[in-house]
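When the letters of the sequence shown are read in order and numbered with this note's numbering, they come out as residues 101 to 214.
Ideal placement from N, C-alpha and C gives every residue a C-beta, glycine not left out.
Notes for the one structure printed next.
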Amino acid sequence: MFESLFSPLQINGITVKNRLLVPAMVTNFATEEGLCTPKLASYHEAKAKGGWGLIITEDYAVAPEGRGFRGVPGLWTDEQMESHKAIPEAVHKYDGAKIFASYQLLMYLWEIRM
Ligand SMILES: Cc1cc2nc3c(=O)[nH]c(=O)nc-3n(C[C@H](O)[C@H](O)[C@H](O)COP(=O)(O)O)c2cc1C
């Protein structure tokens, strides 16, 4: 009954070991400067350890104006990018678990709506 759920999936050349996917969910676990925290890295690590095949991160802001919440992870400085490497490093310890980053572009959406 669950053969499909536990069979691998190909996404753009990447093999995901099963169909168990964690959708993007805001955590507010990053710092106000958008840096990764041990709590954020261990949140994702726990999912990988539990056997999820693919984890989608919450939205990363790519510019300070694009943040929609407090504690949003950011990727507009070298320091932020360096700090968030802790997440894939933690996730990849577990049996082929994969993680994709999602991005938040709220400022562009607001511009379109205006
Ligand atoms: C607490 C919470 C936080 C969420 N954060 C995000 C997010 O950061 N980015 C996003 O695209 N979707 C976010 N979502 C939407 C979930 O990814 C979405 O609910 C999930 O894909 C399930 O879809 P469904 O509600 O249509 O079943 C969030 C949902 C919840 C409940």
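Item: Selection from E189, Y203, A197, A161 that minimises the alpha carbon distance to G174; Value: A161
Item: Closest Cα partner of G166 within the set I156, E133, L205; Value: L205
Item: A124 CB to nearest heavy atom of ligand 1 below 6 angstroms; Value: yes
Item: D178 beta carbon near ligand 3 (any heavy atom closer than 6 angstroms); Value: Of the ligands this structure carries, namely ligand 1, none is ligand 3.
Item: Residue burial classification, A146 (beta-carbon count within 10 angstroms, cutoff 16); Value: exposed
Item: Distance between E182 and M214 (C-alpha atoms, nearest Å); Value: Note that M214 scores a pLDDT of 44, beneath 50, so its modelled location is shaky; the value from the coordinates is reported in the next line. Their backbone Cα atoms lie some 35 angstroms apart in a straight line.
Item: Burial state of E179 (16 or more Cβ within 10 Å); Value: exposed
Item: Separation of A148 from H192, as counted between CA atoms; Value: 8 angstroms
Item: Limits of the unbroken alpha helix (DSSP H) element including E158; Value: First-last for E158: 154-161, but that is the beta strand (DSSP E), not the alpha helix (DSSP H).
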